[in-house]
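Student:
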Amino acid sequence: MRLYRLPKHEGFDDLTLMEGDIPTPGRGQVLVRIRAASLNFRDLSVANGRYVMGTLAPNLVPLSDGAGEVVETGPDVTRVKPGDRVAGIFMQGWLGGEIEPSYRDTALGGAIDGVLAEYVVFDQQGLVHIPAHLSYAQAATLPCAAVTAWNALTGLHPILPGQTVLVLGTGGVSIFALQFAVAAGARVIATSSSDAKLQRARAFGAADGINYTQTPEWQAEVRRLTDGRGVDHVVEVGGPGTLPRSIAAARLGGVVSMIGVLTRGQIDPLSILAGGVIVRGVFVGSRAMFEAMNRAIALHRIEPVIDRIFPLEAAAQAYRALKSAQHVGKIVISLE
Ligand SMILES: NC(=O)c1ccc[n+]([C@@H]2O[C@H](COP(=O)([O-])OP(=O)(O)OC[C@H]3O[C@@H](n4cnc5c(N)ncnc54)[C@H](OP(=O)(O)O)[C@@H]3O)[C@@H](O)[C@H]2O)c1
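Per this note's numbering, the very first residue in the sequence shown carries number 1; after that it's consecutive.
1. Based on Cα-Cα distance, which residue from 254, 319, 336 lies nearest to residue 160?
2. Between residue 346 and residue 72, what straight-line distance do the alpha-carbon atoms span, to the nearest angstrom?
3. Quick check: the Cα distance between residue 115 and residue 257, rounded to an integer number of angstroms?
4. Roughly how many whole angstroms lie between the Cα atoms of residue 44 and residue 149?
5. With residue 293 as the anchor, note down where its alpha helix (DSSP H) starts and where it stops.
6. Hey, how far is the Cα of residue 156 from the Cα of residue 293?
7. Quick one: residues in its chain with C-beta nearer than 8 angstroms to the C-beta of residue 14, no 5 flanking neighbours on either side, listed in chain order?
8. Under a three-way DSSP split, which group does residue 89 fall into?
9. Would the C-beta of residue 55 count as close to ligand 1, meaning under 7 angstroms from any of its heavy atoms?
10. Ignore the nearest five residues each way along the sequence and tell me which others in residue 84's own chain have a CB closer than 8 angstroms to its CB.
11. To the nearest angstrom, report how far apart residue 175 and residue 297 are at their CA atoms.
12. Are the CB atoms of residue 64 and residue 143 within a distance shorter than 8 angstroms?
13. Please determine whether the Cβ atom of residue 171 lies at a distance below 7 angstroms from any heavy atom of ligand 1.
14. Take residue 76 as the anchor and find which of 124, 228, 93, 32 has the nearest alpha-carbon.
15. So what does DSSP say about residue 22, is it helix, strand or coil?
16. Please work out which residues of its chain come closer than 7 angstroms, Cβ to Cβ, to residue 118, disregarding the five sequence neighbours upstream and downstream, and give them in chain order.
17. What's the gap between the Cα of residue 145 and the Cα of residue 189?
18. Considering only residues of the region 53-109, which uninterrupted alpha helix (DSSP H) runs meet the minimum length of 4 residues and lie entirely inside it, listed in chain order?
19. My understanding is that residue 237 touches residue 168, with C-beta atoms under 8 angstroms, so please give their C-beta distance in whole angstroms.
20. Compute the minimum distance between the beta carbon of residue 242 and the heavy atoms of ligand 1, and state whether it is under 7 angstroms.
21. So residue 92 and residue 78 are supposed to be a Cβ contact under 8 angstroms. How far apart are they, rounded?
22. Less than 7 angstroms between the CB of residue 89 and some heavy atom of ligand 3, yes or no?
23. From 158, 291, 151, pick the residue whose C-alpha is nearest to that of residue 232; which is it?
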């Protein structure tokens with residue numbers, strides 16, 4: 001079988017395609033034929049060794065997000081059977097409840113080998129069934145970005161119909177948040193560096209779009225669009241450079257889910273107090289969240305937004321495409 005490894009963590013040009021033996025599932029384990037994998041911003045920092053949210057295994061098989069079918073099960077496997085369509089969960093150890101520090105050491109494509117391989121063995125607990133209407137490519141976009149967006153919108157103060165959600169940019173996490181918020185009956189305001197991307201966001205259901213390059217004081221525009229009230233939820237992927245504006249865009253008592261660090265800057269803690277906002281760090285989510293999200297995706301027939309699909313041989317080009325940030329939604333690698 002073919003698989004990639006990152007021997008040096010000096011950037012994605014080190015990605016090495018190699019041949020390996022198909023592994024055998026042991027007790028409680030499941031062999032999955034991976035059909036598609038997707039990229040997250042995280043995978044760029046994993047590739048260059050700068051990932052800070054957990055340890056990195058040496059000579060790593062990269063990527064956390066993959067979907068495929070069960071081809072073989074070891075003894076005592078009861079959760080899945082051959083032929084089942086499944087995806088791996090981001091932190092193999094976080095099945096439900098609150099996050100625990102040890103779960104970070106179970107993150108695929110980081111602390112442990114990931115899914116950029118034609119065959120991967122998982123513990124049976126580390127898999128979920130995927131919604132029937134999704135292709136493998138679509139399902140491969142779910143484990144990190146979608147679960148993170150779901151946790152942001154439902155994990156603390158679950159989103160309600162009629163609320164307003166602000167999503168920053170049009171990358172993987174933000175587009176999923178947009179789709180979940182629309183399905184929940186909420187109004188979405190999206191920001192982007194590009195008018196063309198805002199057009200796409202509107203097509204996915206965003207009520208309003210703000211070009212943050214042309215409108216650097218976009219938080220004032222968000223307040224104007226909400227009659228001065230501010231939004232109920234902010235899906236904050238920008239980090240320190242955007243957080244002060246996100247806090248200013250939130251309503252009194254609103255939730256700012258801090259997810260990403262795409263920018264640098266300074267934040268005045270008093271603005272949190274003055275704004276009465278809840279700033280909450282979000283780190284992907286549990287298997288229970290993934291399963292709840294899949295029920296919503298199936299019910300609303302939500303289609304993940306895929307920007308481009310690259311063949312396995314062009315994995316480095318897929319990473320390059322992610323880095324160039326021209327995409328809307330997700331970038332996928334096919335292992336068909
Ligand atoms: N905490 C977690 O569990 C978790 C999980 C997933 C991702 N993340 C983090 O969340 C961030 C986004 O991840 P992703 O996979 O969705 O990335 P992605 O698909 O690469 O999307 C990045 C997008 O962010 C937007 N962006 C960049 N700078 C911005 C700014 N100053 N203001 C507003 N938007 C800006 C851009 O959208 P436009 O081109 O439209 O401007 C860009 O395309 C990353 O930092 C990632 O590490 C964290």
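By construction, the Cβ of each residue, glycine as well, lies at the ideal position given by its N, Cα and C atoms.
Tutor: In this structure, then:
1. Against the sequence shown, residue 160 aligns to sequence position 160. For the residues 254, 319, 336, the minimum Cα distance to residue 160 belongs to 254.
2. Absent from the structure is residue 346, since the part of the chain shown begins at 1 and ends at 336.
3. Along the sequence shown, read from residue 1 onward, the residue named residue 115 stands at position 115. Along the sequence shown, read from residue 1 onward, the residue named residue 257 stands at position 257. Cα to Cα, residue 115 sits roughly 27 angstroms from residue 257.
4. Numbered from its first residue, the sequence shown carries residue 44 at position 44. Numbered from its first residue, the sequence shown carries residue 149 at position 149. Each residue's Cα considered, the two are about 19 angstroms apart.
5. The sequence position of residue 293 within the sequence shown is 293, counting from 1. Start and end: 287-299.
6. Looking up residue 156 in the sequence shown gives position 156. Looking up residue 293 in the sequence shown gives position 293. Computed Cα separation, rounded: 15 angstroms.
7. As a position in the sequence shown, residue 14 is number 14, starting the count at 1. For residue 14, where only same-chain residues beyond five positions count, the Cβ hits under 8 angstroms are 6, 7, 8, 47.
8. Residue numbering aside, residue 89 sits at position 89 when the sequence shown is read from its first letter. DSSP places residue 89 in coil when its eight states are reduced to three.
9. By one-based count along the sequence shown, residue 55 stands at place 55. Result no, Cβ not under 7 angstroms from ligand 1.
10. In the sequence shown, counting from the first residue as 1, residue 84 sits at position 84. Only 69, 70, 129 meet the Cβ criterion.
11. The residue labelled residue 175 in the question sits at position 175 within the sequence shown. The residue labelled residue 297 in the question sits at position 297 within the sequence shown. Using only the alpha carbons, I get a separation of about 14 angstroms.
12. Stepping through the sequence shown from its first residue, residue 143 is reached at position 143. Stepping through the sequence shown from its first residue, residue 64 is reached at position 64. Cβ distance < 8 angstroms, so residue 143 and residue 64 count as in contact.
13. Residue mapping note: residue 171 aligns to position 171 of the sequence shown, counting from 1. The answer is yes for residue 171.
14. Sequence index remark: in the sequence shown, residue 76 carries index 76 (1-based). The option with the nearest alpha carbon to residue 76 is 124.
15. What you label residue 22 is simply residue 22 of the sequence shown in a count that begins at 1. In the structure shown, residue 22 sits in coil (DSSP, three-state: anything other than H, G, I, E or B).
16. Here residue 118 is taken as the residue at index 118 of the sequence shown, counted from 1. Within the same chain, residue 118 has close Cβ partners 1, 2, 3, 33, 34, 335.
17. Taking the first residue of the sequence shown as position 1, residue 145 is located at position 145. Taking the first residue of the sequence shown as position 1, residue 189 is located at position 189. Those two C-alpha atoms are separated by around 19 angstroms.
18. none
19. As a first step, residue 237 is located in the sequence shown; it is residue number 237 there, counting from the start. As a first step, residue 168 is located in the sequence shown; it is residue number 168 there, counting from the start. With 8 angstroms as the limit, residue 237 and residue 168 qualify as a contact, their Cβ atoms being about 5 angstroms apart.
20. Numbered from 1 along the sequence shown, position 242 holds the residue referred to as residue 242. Yes.
21. Position 92 of the sequence shown, counted from the first residue, corresponds to residue 92. Position 78 of the sequence shown, counted from the first residue, corresponds to residue 78. That belief does not hold up - the Cβ atoms of residue 92 and residue 78 are roughly 17 angstroms apart, past 8 angstroms.
22. No copy of ligand 3 occurs in the structure displayed; its ligands are ligand 1 alone.
23. In the sequence shown, counting from the first residue as 1, residue 232 sits at position 232. When each option's Cα is compared against that of residue 232, the closest is 158.
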